[in-house]
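Visitor: Quick one: the structure is below, questions incoming.
Protein chains: 2
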Amino acid sequence: MAEMYLGKTTGKPRVVIIGGGFGGVNLARKLKHTQVDVVMVDKHNYHTFQPLLYQVAIGAIESDAVAFPLRRIFTGQKGFSFHMTEVQQINPGLNTVTTTLGDIHYDYLVVATGANSNFFGNKEIERNTMPMKNIPEALNIRSLILQNLEKAAVTTDLAERAALLTFVVVGGGPTGVELAGSLAEMRLNMLCKDYPDLRPEDMKVYLAEGKPKLIAAMSEQASVKAKEFLLDMGVTIYNDVHVTSYNGDQLVIDNGVNIKSRNVFWAAGVKGEVPVGIPQDVVVRGGRIQTDEISRIKGFQNIFAIGDVAAMITPESPEGHPGVAPVAIQQGGHLAKNIIHLVKGEHTEPFKYHDKGSLATIGRNRAVADLGKIRFQGFFAWFVWLFVHIMSLAGFSNKLVVFCNWLINYFTKNTDNRLIIRYYDTETKMVDPIAK
Amino acid sequence: MAEMYLGKTTGKPRVVIIGGGFGGVNLARKLKHTQVDVVMVDKHNYHTFQPLLYQVAIGAIESDAVAFPLRRIFTGQKGFSFHMTEVQQINPGLNTVTTTLGDIHYDYLVVATGANSNFFGNKEIERNTMPMKNIPEALNIRSLILQNLEKAAVTTDLAERAALLTFVVVGGGPTGVELAGSLAEMRLNMLCKDYPDLRPEDMKVYLAEGKPKLIAAMSEQASVKAKEFLLDMGVTIYNDVHVTSYNGDQLVIDNGVNIKSRNVFWAAGVKGEVPVGIPQDVVVRGGRIQTDEISRIKGFQNIFAIGDVAAMITPESPEGHPGVAPVAIQQGGHLAKNIIHLVKGEHTEPFKYHDKGSLATIGRNRAVADLGKIRFQGFFAWFVWLFVHIMSLAGFSNKLVVFCNWLINYFTKNTDNRLIIRYYDTETKMVDPIAK
Numbered sequence: 001m002a003e004m005y006l007g008k009t010t011g012k013p014r015v016v017i018i019g020g021g022f023g024g025v026n027l028a029r030k031l032k033h034t035q036v037d038v039v040m041v042d043k044h045n046y047h048t049f050q051p052l053l054y055q056v057a058i059g060a061i062e063s064d065a066v067a068f069p070l071r072r073i074f075t076g077q078k079g080f081s082f083h084m085t086e087v088q089q090i091n092p093g094l095n096t097v098t099t100t101l102g103d104i105h106y107d108y109l110v111v112a113t114g115a116n117s118n119f120f121g122n123k124e125i126e127r128n129t130m131p132m133k134n135i136p137e138a139l140n141i142r143s144l145i146l147q148n149l150e151k152a153a154v155t156t157d158l159a160e161r162a163a164l165l166t167f168v169v170v171g172g173g174p175t176g177v178e179l180a181g182s183l184a185e186m187r188l189n190m191l192c193k194d195y196p197d198l199r200p201e202d203m204k205v206y207l208a209e210g211k212p213k214l215i216a217a218m219s220e221q222a223s224v225k226a227k228e229f230l231l232d233m234g235v236t237i238y239n240d241v242h243v244t245s246y247n248g249d250q251l252v253i254d255n256g257v258n259i260k261s262r263n264v265f266w267a268a269g270v271k272g273e274v275p276v277g278i279p280q281d282v283v284v285r286g287g288r289i290q291t292d293e294i295s296r297i298k299g300f301q302n303i304f305a306i307g308d309v310a311a312m313i314t315p316e317s318p319e320g321h322p323g324v325a326p327v328a329i330q331q332g333g334h335l336a337k338n339i340i341h342l343v344k345g346e347h348t349e350p351f352k353y354h355d356k357g358s359l360a361t362i363g364r365n366r367a368v369a370d371l372g373k374i375r376f377q378g379f380f381a382w383f384v385w386l387f388v389h390i391m392s393l394a395g396f397s398n399k400l401v402v403f404c405n406w407l408i409n410y411f412t413k414n415t416d417n418r419l420i421i422r423y424y425d426t427e428t429k430m431v432d433p434i435a436k
Numbered sequence: 001m002a003e004m005y006l007g008k009t010t011g012k013p014r015v016v017i018i019g020g021g022f023g024g025v026n027l028a029r030k031l032k033h034t035q036v037d038v039v040m041v042d043k044h045n046y047h048t049f050q051p052l053l054y055q056v057a058i059g060a061i062e063s064d065a066v067a068f069p070l071r072r073i074f075t076g077q078k079g080f081s082f083h084m085t086e087v088q089q090i091n092p093g094l095n096t097v098t099t100t101l102g103d104i105h106y107d108y109l110v111v112a113t114g115a116n117s118n119f120f121g122n123k124e125i126e127r128n129t130m131p132m133k134n135i136p137e138a139l140n141i142r143s144l145i146l147q148n149l150e151k152a153a154v155t156t157d158l159a160e161r162a163a164l165l166t167f168v169v170v171g172g173g174p175t176g177v178e179l180a181g182s183l184a185e186m187r188l189n190m191l192c193k194d195y196p197d198l199r200p201e202d203m204k205v206y207l208a209e210g211k212p213k214l215i216a217a218m219s220e221q222a223s224v225k226a227k228e229f230l231l232d233m234g235v236t237i238y239n240d241v242h243v244t245s246y247n248g249d250q251l252v253i254d255n256g257v258n259i260k261s262r263n264v265f266w267a268a269g270v271k272g273e274v275p276v277g278i279p280q281d282v283v284v285r286g287g288r289i290q291t292d293e294i295s296r297i298k299g300f301q302n303i304f305a306i307g308d309v310a311a312m313i314t315p316e317s318p319e320g321h322p323g324v325a326p327v328a329i330q331q332g333g334h335l336a337k338n339i340i341h342l343v344k345g346e347h348t349e350p351f352k353y354h355d356k357g358s359l360a361t362i363g364r365n366r367a368v369a370d371l372g373k374i375r376f377q378g379f380f381a382w383f384v385w386l387f388v389h390i391m392s393l394a395g396f397s398n399k400l401v402v403f404c405n406w407l408i409n410y411f412t413k414n415t416d417n418r419l420i421i422r423y424y425d426t427e428t429k430m431v432d433p434i435a436k
């Protein structure tokens with residue numbers, strides 16, 4: 001296929017961005033009205049607001065509240081073009097990217113591909129647990145939960161009924177804690193309303209974490225309080241453990257505990273999505289690509305990596321920065337400036353991360369917050385969490401809808417969107433096997 | 001599997017309702033606080049507000065705006081139980097329904113299964129066109145449209161590009177007219193904003209209808225005006241024609257017109273979803289089940305049919321009532337009263353349809369309305385349409401969200417939810433072929 005359609009040829013230097021996540025989107029925005037053309041490619045036609053994916057999984061909000069069509073975000077931005085396509089490989093010698101639509105030439109290439117679930121090589125766990133890194137996966141989790149509740153309401157096999165009502169979250173980082181908290185909410189507030197044949201005590205929620213504490217990246221205080229909130233809501237927590245196997249029925253933990261469960265969610269680790277063509281010797285721990293302090297990949301002049309896929313290894317950040325949205329956003333914005341410096345032949349400026357703090361929510365109206373030296377937990381933290389997330393959705397036009405949804409859910413203790421719109425077949429691992 | 005879990009055994013007469021559409025839901029609601037228990041089964045776990053499905057297909061609103069979890073609708077209704085399951089057959093001799101979950105005993109059985117697309121036996125058309133009778137189908141249409149726009153933006157094959165940008169709606173009833181109108185809106189308001197490489201004149205919208213006029217069930221005035229609105233928006237309309245074949249590429253119409261198109265939507269006919277076990281001799285034209293004036297199926301004492309699947313043939317309605325939501329709602333409500341009469345050994349009352357009028361919307365702010373003798377078209381009709389539909393969503397809690405969405409879309413001329421959340425594979429006709 002001809003290359004000409006994949007981004008206009010205007011004579012300006014062309015920046016190709018692989019990935020429309022937080023980093024890629026902010027980079028492209030900051031390159032508006034500059035000396036470069038921008039071509040963005042992504043395998044989805046939308047940006048995903050990942051911090052709220054667990055709310056889609058739990059059925060609290062619908063996909064459109066956390067996904068924004070990339071073409072819409074950049075409507076009217078001159079010199080910008082978007083293509084929904086998959087990158088097959090990058091060709092640094094040729095300055096091109098090979099995609100399923102054809103080859104794209106670049107002058108500057110930015111790898112902003114993010115991270116995906118890391119199963120640490122365990123194929124059985126990969127096949128049988130449910131990850132939650134994108135919208136289709138979140139919807140699969142929702143379908144599985146609801147399908148299993150439907151089955152539990154009618155089965156006469158008591159052991160199977162218990163397994164259908166046992167939910168295990170593997171991984172006690174922010175995602176795992178938020179998902180476990182939401183499941184506990186579901187148990188307390190929805191279960192017996194919607195399923196009169198089921199009792200809250202029939203449903204079990206487990207959280208298994210490899211480290212001695214939950215949300216290890218946050219303060220001791222936040223970590224302790226998060227655990228307290230979850231225990232309070234009836235979640236069974238195992239710290240300092242690893243899940244060694246899960247065959248779709250029996251989950252084995254290395255502390256000797258075996259759990260019979262039909263619902264195991266994997267939030268235990270991520271690894272960078274490194275495109276083919278990036279040499280293995282620049283891939284460091286966690287499958288991340290090593291960059292210098294201007295996000296340039298080691299050994300290349302015009303290829304960069306930002307966000308979760310990048311490990312910017314400097315004396316200040318010997319292991320790279322944490323894989324969170326603010327890092328990606330700041331690296332994207334900073335790289336925009338540096339690319340313009342490079343185009344103009346000016347000096348570049350090293351990146352510096354401004355950590356504004358961390359927040360995690362647990363259930364309906366409690367959260368933990370570390371804002372610099374200020375640490376607080378409970379309802380006010382939840383309110384701050386709500387405010388920060390609604391403000392972050394600014395710039396994406398669905399803010400109002402999300403807010404309406406939340407208000408309704410908050411005041412009604414209700415999560416209304418429990419629609420099985422993609423039937424998830426647990427045997428074949430396929431969705432709606434035959435579309436018609 | 002044991003029957004005991006499928007609806008509680010309380011000793012009260014049990015009404016089993018197959019289908020949670022407009023008829024089934026209203027029947028079950030009206031049986032609240034009465035002498036009977038109600039068991040509802042549906043293959044989906046939600047009620048679909050079908051009149052707005054085309055807005056999901058076009059990406060104007062998300063599924064949760066038109067789908068409501070059935071368990072939620074009946075939360076707290078004593079003596080009501082719901083099961084998500086497929087009915088395999090009914091066994092009138094045994095007074096049971098066989099489902100994928102097991103057998104369910106009934107004292108009164110109500111078939112409220114609605115209607116599905118009718119391809120009139122043409123397997124090629126069935127395989128290659130896209131129907132729109134439920135949410136997964138509407139989402140498939142959305143994915144196809146957006147995927148084809150993405151392809152059109154990059155292909156260098158001009159004939160293929162034209163085919164990708166040609167949209168054909170077969171069937172000029174309310175659904176077909178509303179869908180064609182929305183596609184014309186998309187062409188005028190979204191296309192060149194989101195796809196700077198495409199021009200409105202590159203996109204073609206066709207509407208093909210077998211009858212001499214559009215929306216034949218409405219007044220002459222409404223029909224003429226609807227056609228005028230569509231022509232005004234650039235839709236090419238063929239009346240008095242039939243589509244004879246479509247191989248996925250070439251559509252053949254019996255007026256000699258051949259259209260090369262990758263997007264053909266089927267809204268040309270419906271047929272009742274008759275469960276196995278209903279004798280063929282009571283199935284009349286359109287695959288509907290013949291009933292008497294209390295919705296009782298011919299030849300049975302305790303089996304009824306309401307809504308789109310029923311043809312209540314009386315001197316007043318020699319062909320049955322039209323397959324629209326108000327008929328189903330009224331028949332459901334009326335049957336609730338008659339079932340109670342039957343339980344008490346009282347006389348039943350014949351059904352009488354109160355036709356309050358018809359509305360159809362064409363594009364962003366025009367509609368046609370027949371309210372009794374009062375007929376009007378244009379913006380005010382659209383406003384009435386909006387009001388009626390928002391009020392009809394009352395009782396379903398997502399009204400506010402739908403309304404916010406609409407307001408936003410209306411004032412921004414924007415349809416924001418253009419998310420391809422189910423990748424539709426045109427070759428295999430499968431969705432997200434491998435879920436992970």
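Protein chains in written order, with full-length UniProt numbering: chain A, 1 to 436; chain B, 1 to 436. Idealized CB from N, CA, C, for every residue including glycine. Keep in mind the model is a prediction, meaning the values are calculated, not measured.
Threshold first: 4 residues or longer. Then list the alpha helix (DSSP H) segments lying entirely within the region 298-371 of chain B, N to C.
Guide: List check, alpha helix (DSSP H) in window: 325-344.
Visitor: Kindly indicate if chain B contains any beta-carbon less than 8 Å away from that of A:D103.
Guide: Judged by the 8 Å Cβ criterion, A:D103 is not in contact with chain B.
Visitor: Which full runs of the alpha helix (DSSP H) of 4+ residues lie inside the region 165-207 of chain B, going along the chain?
Guide: Listed in chain order, they are 174-185 and 191-194.
Visitor: Taking a Cβ distance cut-off of 8 Å, strictly less, list which residues of the region 156-187 of chain A are near chain B, in chain order.
Guide: So the close ones are T156.
Visitor: Which residues in chain B have a C-beta closer than 7 Å to the C-beta of A:M84? List them in chain order.
Guide: Within chain B, the residues near A:M84 are E150.
Visitor: Are the CB atoms of B:L146 and B:A180 nearer to each other than 8 Å?
Guide: Not closer than 8 Å, so no.
Visitor: Shorter than 8 Å from the beta carbon of A:K32 to some beta carbon of chain B?
Guide: Not an interface residue.
Visitor: Between A:T10 and A:K43, what straight-line distance do the alpha-carbon atoms span, to the nearest angstrom?
Guide: When rounded, the distance between both Cα atoms is 25 Å.
Visitor: Under a three-way DSSP split, which group does A:T415 fall into?
Guide: In this predicted model, A:T415 has a pLDDT of only 49, less than 50, meaning its place in the structure is not dependable; the value taken from the coordinates is given anyway. Reduced to three states, the DSSP call for A:T415 is coil.
Visitor: Give the DSSP bridge partners of A:I17, in chain order.
Guide: DSSP, once it has assigned bridges, lists A:M40 and A:V110 as partnering A:I17.
Visitor: Taking the alpha-carbon positions, what's the A:V343 to A:I303 distance?
Guide: For A:V343 and A:I303, the distance between alpha carbons rounds to 14 Å.
Visitor: Residues of chain A with a CB under 9 Å from the CB of B:T244: which are they?
Guide: The contacting residues do not exist; B:T244 stays about 21 Å from chain A at best.
Visitor: May I have the straight-line CA-CA distance separating B:E201 from B:E185, to the nearest angstrom?
Guide: Their backbone Cα atoms lie some 13 Å apart in a straight line.
Visitor: What's the gap between the Cα of B:R375 and the Cα of B:T361?
Guide: Looking at the two C-alpha atoms, the distance is approximately 14 Å.
Visitor: Examine the Cβ distances between the region 66-83 of chain A and the region 256-269 of chain A and report whether three or more of them are shorter than 8 Å.
Guide: No, because fewer than three Cβ pairs between the region 66-83 of chain A and the region 256-269 of chain A fall closer than 8 Å, the two stretches do not touch.
Visitor: Contact defined as beta carbons within less than 8 Å: I believe B:I313 pairs with B:G320. What is the distance between those atoms, to the nearest angstrom?
Guide: That pair is a contact at about 6 Å.
Visitor: In the DSSP assignment, find the unbroken beta strand (DSSP E) run with B:P69 in it and report its ends.
Guide: A67 to P69 is the extent of the beta strand (DSSP E) around B:P69.
Visitor: At what residues does the beta strand (DSSP E) containing B:S117 begin and finish?
Guide: Residues A115 to S117.
Visitor: Take the Cβ of A:R127 as the centre, count every other Cβ of all protein chains shown within 10 Å, and call the residue buried at 16 or more, exposed below.
Guide: Looking at its Cβ environment, which holds fewer than 16 other Cβ atoms inside 10 Å, A:R127 is exposed.
Visitor: For A:R296, write down the residues that DSSP places opposite it in a beta bridge.
Guide: Bridge partners of A:R296: A:F304.
Visitor: Is the shortest distance between the beta-carbon of B:E62 and the beta-carbons of chain A less than 8 Å?
Guide: Yes, contact with chain A.
Visitor: With 8 Å as the threshold, decide whether the Cβ of B:L146 is near any Cβ in chain A.
Guide: By this cut-off, B:L146 is an interface position.
Visitor: Just checking: is the beta-carbon of A:R71 within a distance shorter than 8 Å of some beta-carbon in chain B?
Guide: Cβ-Cβ to chain B under 8 Å: yes for A:R71.
Visitor: For my contact list, A:V15 and A:I339 are in at a C-beta cut-off of 8 Å; report their separation, rounded to the angstrom.
Guide: A:V15 to A:I339, Cβ: 6 Å. Contact.
Visitor: Tell me the DSSP secondary structure of B:A2 in three-state form.
Guide: At B:A2 the pLDDT is 41, less than 50, meaning the model places this residue with poor confidence; the figure from the coordinates comes in the next sentence. Coil.
Visitor: So which of A:I390, A:P315, A:H33 and A:G357 has the shortest CA-CA distance to A:G79?
Guide: Cα-wise, what sits closest to A:G79 is A:H33.
Visitor: Would you say A:V235 and A:T244 are within 8 Å of each other, going by their C-beta atoms?
Guide: Not closer than 8 Å, so no.
Visitor: Output the distance between the C-alpha atoms of A:K12 and A:T100, rounded to the nearest integer angstrom.
Guide: Near 25 Å, if we compare the C-alpha coordinates of A:T100 and A:K12.
Visitor: So what's B:A378 in DSSP terms, helix, strand or just coil?
Guide: For the record, residue 378 of chain B in the displayed sequence is Gly; it is not Ala. Strand, per DSSP.
Visitor: How is A:N122 classed by DSSP in three states: helix, strand or coil?
Guide: Note: A:N122 maps to coil in three-state DSSP.
Visitor: Can you grab the Cα-Cα spacing for the pair B:A152 / A:I141, in whole Å?
Guide: Their Cα atoms are separated by approximately 33 Å.
Visitor: Strictly by DSSP, which residues pair up with B:K260?
Guide: For B:K260, which the question treats as bridged, DSSP gives the partners B:Q250.
Visitor: Measure from the C-beta of A:T154 to each C-beta in chain B and report whether the shortest distance is under 8 Å.
Guide: The sequence as given places Val at residue 154 of chain A; Thr does not occur at that position. Closer than 8 Å to some Cβ of chain B, the Cβ of A:V154 qualifies, so yes.
Visitor: A:T129 to A:V25, Cα distance in whole Å?
Guide: One C-alpha to the other measures close to 30 Å.
Visitor: Give a yes or no on contact between the region 264-279 of chain A and the region 169-176 of chain A, applying the rule of three or more CB pairs nearer than 8 Å.
Guide: Touching, yes, given that three or more Cβ pairs across the two stretches are closer than 8 Å.
Visitor: Whole angstroms are fine: how far does the CA of B:L27 sit from the CA of B:I18?
Guide: Distance between the alpha carbons of B:I18 and B:L27: 11 Å.
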